[in-house]
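**Student:** Here it is, the structure in full.
There are 2 protein chains.
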Amino acid sequence: MSGHVVALSGGVGGAKLVHGLSLALAPEQLTVVVNTGDDFRHLGLHISPDIDSVVYALSGLSDAVRGWGRRDESWAFMAALNGLGGEGWFQLGDTDLAMHVERSWRLAQGETLSAVTARLCQALGIAVRVLPMSDDAVRTRLLTDAGWLDFQDYFVRRQCQPVVRELEFAGAGAAHALPEVLAALTRADLRAVVICPSNPFVSVEPILAVPGIRAALTATTAPVIAVTPIIGGKALKGPAAKMMAELGLEVTGSAVAQRYAGLIDVFISDASDAPLAAIDGVRTLRAPTLMSTNEDRVGLARAVLAAADGR
Amino acid sequence: MSGHVVALSGGVGGAKLVHGLSLALAPEQLTVVVNTGDDFRHLGLHISPDIDSVVYALSGLSDAVRGWGRRDESWAFMAALNGLGGEGWFQLGDTDLAMHVERSWRLAQGETLSAVTARLCQALGIAVRVLPMSDDAVRTRLLTDAGWLDFQDYFVRRQCQPVVRELEFAGAGAAHALPEVLAALTRADLRAVVICPSNPFVSVEPILAVPGIRAALTATTAPVIAVTPIIGGKALKGPAAKMMAELGLEVTGSAVAQRYAGLIDVFISDASDAPLAAIDGVRTLRAPTLMSTNEDRVGLARAVLAAADGR
Numbered sequence: 001m002s003g004h005v006v007a008l009s010g011g012v013g014g015a016k017l018v019h020g021l022s023l024a025l026a027p028e029q030l031t032v033v034v035n036t037g038d039d040f041r042h043l044g045l046h047i048s049p050d051i052d053s054v055v056y057a058l059s060g061l062s063d064a065v066r067g068w069g070r071r072d073e074s075w076a077f078m079a080a081l082n083g084l085g086g087e088g089w090f091q092l093g094d095t096d097l098a099m100h101v102e103r104s105w106r107l108a109q110g111e112t113l114s115a116v117t118a119r120l121c122q123a124l125g126i127a128v129r130v131l132p133m134s135d136d137a138v139r140t141r142l143l144t145d146a147g148w149l150d151f152q153d154y155f156v157r158r159q160c161q162p163v164v165r166e167l168e169f170a171g172a173g174a175a176h177a178l179p180e181v182l183a184a185l186t187r188a189d190l191r192a193v194v195i196c197p198s199n200p201f202v203s204v205e206p207i208l209a210v211p212g213i214r215a216a217l218t219a220t221t222a223p224v225i226a227v228t229p230i231i232g233g234k235a236l237k238g239p240a241a242k243m244m245a246e247l248g249l250e251v252t253g254s255a256v257a258q259r260y261a262g263l264i265d266v267f268i269s270d271a272s273d274a275p276l277a278a279i280d281g282v283r284t285l286r287a288p289t290l291m292s293t294n295e296d297r298v299g300l301a302r303a304v305l306a307a308a309d310g311r
Numbered sequence: 312m313s314g315h316v317v318a319l320s321g322g323v324g325g326a327k328l329v330h331g332l333s334l335a336l337a338p339e340q341l342t343v344v345v346n347t348g349d350d351f352r353h354l355g356l357h358i359s360p361d362i363d364s365v366v367y368a369l370s371g372l373s374d375a376v377r378g379w380g381r382r383d384e385s386w387a388f389m390a391a392l393n394g395l396g397g398e399g400w401f402q403l404g405d406t407d408l409a410m411h412v413e414r415s416w417r418l419a420q421g422e423t424l425s426a427v428t429a430r431l432c433q434a435l436g437i438a439v440r441v442l443p444m445s446d447d448a449v450r451t452r453l454l455t456d457a458g459w460l461d462f463q464d465y466f467v468r469r470q471c472q473p474v475v476r477e478l479e480f481a482g483a484g485a486a487h488a489l490p491e492v493l494a495a496l497t498r499a500d501l502r503a504v505v506i507c508p509s510n511p512f513v514s515v516e517p518i519l520a521v522p523g524i525r526a527a528l529t530a531t532t533a534p535v536i537a538v539t540p541i542i543g544g545k546a547l548k549g550p551a552a553k554m555m556a557e558l559g560l561e562v563t564g565s566a567v568a569q570r571y572a573g574l575i576d577v578f579i580s581d582a583s584d585a586p587l588a589a590i591d592g593v594r595t596l597r598a599p600t601l602m603s604t605n606e607d608r609v610g611l612a613r614a615v616l617a618a619a620d621g622r
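Those sequence lines, one after another, are chains B and G.
Take the first sequence: its letter number 97 is residue 97 in the numbering used here, and every next letter is one higher.
If you want the numbering used here, it's the 1-based position in the second sequence plus 311.
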């Protein structure tokens with residue numbers, strides 16, 4: 001089956017399915033649109049956590065045990081920074097830091113985030129196209145019982161402990177979707193749009209908040225397939241389940257599917273969960289969504305593609 | 312003997328004598344004025360090589376074998392940066408990088424270089440006062456047979472290979488000497504000013520080029536003592552000897568002493584060299600100036616102080 005696949009992805013969980021899709025497709029058949037709502041500046045560096053997760057997954061550099069960052073990482077910089085009285089709450093591995101320094105420097109030279117991302121992908125031998133959702137800054141903020149928090153303040157510094165009441169994507173309204181993103185979503189040979197198993201609130205919805213992207217998903221005749229980030233009432237990683245509960249939602253794949261209703265054609269929940277109740281206009285399927293091994297990743301990617309192709 | 316000592320220092324060689332002086336004096340008796348003419352921006356980071364050399368020497372963090380940077384250094388960042396196609400010509404150790412990132416970030420927040428330096432010294436337990444010559448940018452540039460070069464381009468990237476014809480300290484004319492530097496040089500209890508065994512052209516003269524500093528040395532009644540950076544017709548480290556030859560000077564301690572004439576009262580050449588010919592108004596002495604061990608450093612510091620005190 002030919003045709004082009006566009007994947008919308010956040011960080012770790014999404015990056016695993018992106019990796020699976022990259023193993024199941026030819027490089028030119030896949031475009032990845034990555035959330036930049038949790039990008040932030042730290043110690044003067046521009047950090048793009050989700051782009052890095054996707055890039056590390058695609059280049060085989062991910063740390064499988066830690067679940068984030070680069071494998072074979074060392075921490076001499078952090079130890080020295082702490083010794084200087086520097087801000088130690090955000091862990092920066094020695095090799096991971098190279099991404100942040102190189103990216104920050106290129107951005108300071110006037111390069112766009114998409115150009116820097118393309119450059120880093122090329123250096124790491126990644127043939128799949130990885131695109132930030134926008135070159136403009138969109139910043140996810142959370143209204144919590146501790147007030148409005150920037151995403152990384154909530155996510156890393158406070159370890160997702162505050163109760164979330166509301167989210168906003170600052171700058172999204174004025175942001176321009178990357179033209180290549182809109183072009184990919186309107187390709188004549190579009191085979192599928194895949195919403196990866198990422199946190200709906202802080203990974204997928206910031207992408208959808210960039211003007212033009214949600215409309216492109218609604219308008220496309222290609223199937224839009226979402227994969228559940230919730231298995232057995234829990235998120236594999238990150239605060240998705242906790243957030244759902246705090247926002248008054250049921251912590252189930254079904255609630256995620258309902259949140260995407262009107263946008264998606266297929267929702268894949270985990271094989272270990274009970275079949276989902278019918279949702280208007282959404283075909284519900286089950287597949288093994290745990291991606292411990294590369295085989296799991298390819299397996300899920302193939303299940304997603306089969307669903308897209310109506311098989 | 313009480314009284315205050317001000318040391319003017321460049322990088323490695325100067326930093327060793329600064330360390331010796333810090334071992335020979337109480338912390339409150341010593342102020343170090345450091346060259347910032349070879350500061351530069353690299354990958355968006357503000358790097359102050361001479362300040363770092365002095366700070367590492369004073370905190371016991373210097374790498375004795377390599378002769379620059381921090382001991383127990385690792386290079387994971389550099390390897391990763393090279394893997395990303397980044398600029399690899401300037402070596403940034405993982406722990407050294409913490410200095411550059413922390414300094415750059417503080418500067419970007421609006422802190423002055425002197426405030427950041429004080430902060431870093433405090434974090435590393437350095438009680439001696441370490442001052443940049445100025446908070447304003449002064450940049451050493453060299454006219455060479457390859458044209459005008461920035462200092463680090465000449466020094467690191469081209470490994471001092473171009474022939475030097477002329478030097479300039481861009482920005483020096485408009486720079487303000489740090490008020491604490493001028494205050495230290497005009498203290499009533501000033502015991503001595505020590506010009507450390509640093510490269511005269513690129514380490515000491517940039518300091519002297521900042522308005523007010525040369526005048527303060529000329530005006531002070533305290534003895535000004537310079538220590539030779541040349542031993543047996545060679546510089547221990549760096550391009551001082553090569554530069555002297557290229558600039559048409561004899562490569563001797565005597566030529567350095569003559570260059571400082573009018574400014575210094577005492578010149579200390581190496582014990583292994585022949586006694587210097589008389590120079591008008593300059594008392595010439597010899598002492599062991601090689602500083603391999605801490606004992607050597609204290610020994611030279613004591614010889615300098617004895618000369619200052621007329622002993």
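Glycine included, every Cβ here is placed at the ideal spot set by N, Cα and C.
Every value quoted in this text rests on a predicted model; they were computed, and no experiment measured them.
Would you kindly work out how many angstroms separate the C-alpha atoms of G/M554 and G/T347, rounded to a whole number?
**Tutor:** Cα to Cα, the separation comes out at about 19 Å.
**Student:** Applying a beta-carbon distance threshold of less than 7 Å, which residues of chain B neighbour G/F388?
**Tutor:** Near G/F388 (Cβ distances below 7 Å), the residues of chain B are F77, D94, T95, L97, A98.
**Student:** Taking 8 Å as the threshold (beta carbon to beta carbon), is B/S114 in contact with chain G?
**Tutor:** Taking Cβ atoms only, chain G never reaches closer than 8 Å to B/S114, which makes this a no.
**Student:** Counting along the chain, where does the alpha helix (DSSP H) carrying G/T529 start and finish?
**Tutor:** Where G/T529 is concerned, the enclosing alpha helix (DSSP H) stretches over 524-530.
**Student:** Taking B/R70 as the reference, which of B/L58, B/A80, B/A79, B/L81 has the closest Cα?
**Tutor:** Of the candidates B/L58, B/A80, B/A79, B/L81, the one whose C-alpha sits nearest the C-alpha of B/R70 is B/L58.
**Student:** Hey, how far is the Cα of B/D50 from the Cα of G/A434?
**Tutor:** Between B/D50 and G/A434, the C-alpha separation is close to 33 Å.
**Student:** For the alpha helix (DSSP H) holding G/W416, just list the boundary residues, first then last.
**Tutor:** First-last of the alpha helix (DSSP H) with G/W416: 405-419.
**Student:** Just checking my contact of G/D488 with G/V521 at CB under 8 Å: how many whole Å lie between their CB atoms?
**Tutor:** The sequence given here has Ala at residue 488 of chain G, not Asp. Right, their Cβ atoms sit about 5 Å apart.
**Student:** Which whole-angstrom value is the C-beta distance of G/G523 and G/L493, which I expect to be below 8 Å?
**Tutor:** G/G523 to G/L493, Cβ: 5 Å. Contact.
**Student:** Strictly under 8 Å for the Cβ-Cβ distance: is G/A429 near chain B by that measure?
**Tutor:** No, its Cβ sits nowhere closer than 8 Å to a Cβ of chain B.
**Student:** With 16 other CB atoms within 10 Å as the buried threshold, where does B/E102 fall?
**Tutor:** Buried is the call here.
**Student:** What residues from the region 343-358 of chain G come within 7 Å of chain B, judged by C-beta to C-beta, listed N to C?
**Tutor:** Under the 7 Å Cβ criterion, the region 343-358 of chain G contributes L354, G355.
**Student:** Quick check on B/S74 - is its C-beta less than 8 Å from some C-beta in chain G?
**Tutor:** So, interface residue.
**Student:** Quick check: the Cα distance between B/V6 and B/V227, rounded to an integer number of angstroms?
**Tutor:** When rounded, the distance between both Cα atoms is 14 Å.
**Student:** What in chain B is Cβ-close to G/V441, meaning under 7 Å?
**Tutor:** Within 7 Å Cβ-Cβ: nothing; G/V441 doesn't reach chain B, min ~14 Å.
**Student:** Are any of the Cβ atoms in chain B nearer than 8 Å to that of G/V504?
**Tutor:** Chain B, which has no Cβ nearer than 8 Å to the Cβ of G/V504, makes this no.
**Student:** With a threshold of 16 other CB atoms inside 10 Å of the CB of B/K16, please say whether the residue is buried or exposed.
**Tutor:** Buried is the call here.
**Student:** Could I get the ranges of all uninterrupted alpha helix (DSSP H) runs contained in the region 181-263 of chain B, with 4 residues as the minimum, in chain order?
**Tutor:** Fully enclosed alpha helix (DSSP H) runs of 4 or longer: 205-208, 213-219, 240-246, 253-259.
**Student:** Within the chosen definition, does the region 420-432 of chain G reach the region 477-485 of chain G through at least 3 CB pairs nearer than 8 Å?
**Tutor:** Segments in contact, no.
**Student:** Quick one: using the 10 Å Cβ neighbour count with 16 as the cut-off for buried, is B/P200 buried or exposed?
**Tutor:** By the neighbour-count rule (16 or more Cβ atoms within 10 Å), B/P200 is buried.
**Student:** With a threshold of 8 Å between beta carbons, is B/E102 in contact with chain G?
**Tutor:** B/E102 counts as touching chain G.
**Student:** In terms of residue numbering, what span does the beta strand (DSSP E) encompassing G/F351 cover?
**Tutor:** Per DSSP, G/F351 belongs to the beta strand (DSSP E) from 351-353.
**Student:** Please report the straight-line C-alpha distance between B/G125 and B/D136, rounded to a whole angstrom.
**Tutor:** Rounded to the nearest angstrom, the two C-alpha atoms are 26 Å apart.
**Student:** For B/L25, which residues of its own chain have a beta-carbon under 7 Å away from its beta-carbon, when the five flanking residues on both sides are left out?
**Tutor:** These residues qualify, in order along the chain: V5.
**Student:** Given that a residue counts as buried once 16 or more other Cβ atoms are within 10 Å of its Cβ, and exposed if not, what is B/Q109?
**Tutor:** The residue is exposed, with fewer than 16 neighbouring Cβ atoms inside 10 Å.
**Student:** Our contact map puts G/H330 next to G/R608 with C-beta atoms below 8 Å; I'd like the distance itself, whole angstroms only.
**Tutor:** Right, the Cβ-Cβ distance comes to about 5 Å (below 8 Å), so this counts as a contact.
**Student:** Could you name the residues of the same chain whose beta carbon sits closer than 6 Å to that of G/D363, not counting the 5 residues immediately before and after it, in chain order?
**Tutor:** Counting only Cβ-Cβ distances below 6 Å, and skipping sequence neighbours, we find M410.
**Student:** Check each residue of the region 477-500 of chain G: if its Cβ is closer than 7 Å to any Cβ of chain B, include it; give the result in chain order.
**Tutor:** Hits within the stretch: zero.
**Student:** Which whole-angstrom value is the C-beta distance of G/A365 and G/V441, which I expect to be below 8 Å?
**Tutor:** Before going further, note that residue 365 of chain G is Val rather than Ala in the sequence given. Yes, they are in contact, since the Cβ atoms of G/V365 and G/V441 sit about 6 Å apart, within 8 Å.
**Student:** Looking at the unbroken beta strand (DSSP E) that takes in G/H315, where does it start and where does it end?
**Tutor:** 315-320 is the extent of the beta strand (DSSP E) around G/H315.
**Student:** Within 10 Å of its beta-carbon, does B/A175 have 16 or more other beta-carbons around it, so buried, or fewer, so exposed?
**Tutor:** Its Cβ being crowded by 16 or more others within 10 Å, B/A175 is buried.
**Student:** Three or more beta-carbon pairs under 8 Å between the region 348-358 of chain G and the region 372-388 of chain G, yes or no?
**Tutor:** They do not touch, by the three-pair rule.
**Student:** For B/E205, count neighbouring C-beta atoms within 10 Å of its own C-beta (all shown protein chains included) and say buried if the count is 16 or more, exposed if not.
**Tutor:** Flag for B/E205 reads buried.
**Student:** What's the C-alpha gap between B/T95 and B/S62?
**Tutor:** The alpha-carbon atoms of B/T95 and B/S62 are separated by roughly 12 Å.
**Student:** Mind checking which residues open and close the alpha helix (DSSP H) that includes G/R430?
**Tutor:** Note, G/R430: alpha helix (DSSP H), 424-434.
**Student:** If distances are taken between C-alpha atoms only, which option among B/L30, B/R106, B/G238 comes closest to B/R158?
**Tutor:** That would be B/G238, whose Cα lies nearest to the Cα of B/R158.
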